[in-house]
Amino acid sequence: MRVPTNAFGPGSRQDFALYFEGESCVRVQSIDDIVAWLLDCEYVTDADLFDRRDFWQHPSVFEQLRRGDCEDFALWAWRKLAEIGMDAEFYVGRVACGGEPDVDRQHAWVVYRVNRTDFLVEPAARNRQQMIRPLADVKDDYVPHFAVNRRFDTCAFVGCVLDSYRDKQRRLRFTGRS
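For the sequence shown, counting from 1, position 38 maps to 190 in my numbering; every step adds exactly one.
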């Protein structure tokens, strides 16, 4: 079953193939090139940058501004990893914050595979050690909801259902209803 584009988030309004269209002005030949370029970009919320709750930039716009939020960093990294021949997937879901189990946020990241090992790319991280990590080391902090691969095949994960149930339970506790 194909996951609708808008299920990925309120800012996801176009087909994923469009993020691969157009010329890129940034040439990369390796993962190190991708990391180095991203380290010179600035994380800025959509509210501050575009006065919108959620807006997904095209990678060519992100290249010009060099500013954006997690989806912008991740979409650019996903495209660049695909350009250098990596089997990469763009993910959205939830990530735990600072090791606190009850504190989390919606997030976007990329996963790629090299020699049967999956690596998580945290593209907005501010150092290489945090940006590229074996997925096995960090998987407990990430709850994927949806993903799309470089062939634009989408998939949904159980995490989206579990988080929907968890959020409903939190709202019920907060309002005092059962």
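Here a beta-carbon is modelled for each residue, glycine too, at the ideal position from N, C-alpha and C. Just so you know, these numbers come straight off a predicted model, no measurement behind them.
Problem set entry | Counterpart residues of G220 in DSSP-defined beta bridges | BP columns for G220 point to Y195.
Problem set entry | For F304 and D224, the rounded distance between their alpha carbons | If you take the alpha carbons of D224 and F304, they lie about 17 Å apart.
Problem set entry | Where E274 falls: helix, strand or coil (DSSP) | In the structure shown, the three-state DSSP call for E274 is coil.
Exercise. When the Cα atoms are used, what is the spatial distance from E194 to E235?
Worked result: Rounded to the nearest angstrom, the two C-alpha atoms are 23 Å apart.
Problem set entry | Proximity below 9 Å, CB of R302 to CB of E215 | No, these two residues do not count as a Cβ contact at 9 Å.
For this session: Classify V155 as helix, strand or coil using the three-state DSSP reduction.
Result: Secondary structure at V155: coil, using DSSP grouped into helix, strand and coil.
Problem set entry | Identity of the residues DSSP links to R257 by a beta bridge | When DSSP reads this structure, R257 sits in a beta bridge with V247.
For this session: Go ahead and pull the three-state DSSP assignment for F225.
Result: Reduced to three states, the DSSP call for F225 is helix.
Exercise. Cβ of W228 within 9 Å of Cβ of Y243?
Worked result: Not a contact, by the Cβ cut-off of 9 Å.
For this session: Report the rounded CA-to-CA distance for R218 versus E173, giving the unit in angstroms.
Result: Across the structure, R218 and E173 are spaced so that their CA atoms are roughly 18 Å apart.
Problem set entry | Buried or exposed by the 16-neighbour rule on C-beta atoms within 10 Å, applied to P296 | Buried is the call here.
For this session: Taking the CB atoms as reference points, tell me whether P162 and D206 lie closer together than 9 Å.
Result: Cβ distance < 9 Å, so P162 and D206 count as in contact.
For this session: Out of G237, G220, F271 and A159, point me to the one whose CA is closest to A199's CA.
Result: Measuring from the Cα of A199, the nearest candidate turns out to be G220.
For this session: Would you list the residues sitting across from R265 in a DSSP beta bridge?
Result: In the DSSP output, where bridge partners are listed per residue, R265 has D239 and D270.
For this session: Work out the CA separation of A226 and T269 for me, nearest whole Å.
Result: Straight-line Cα distance between these residues: approximately 19 Å.
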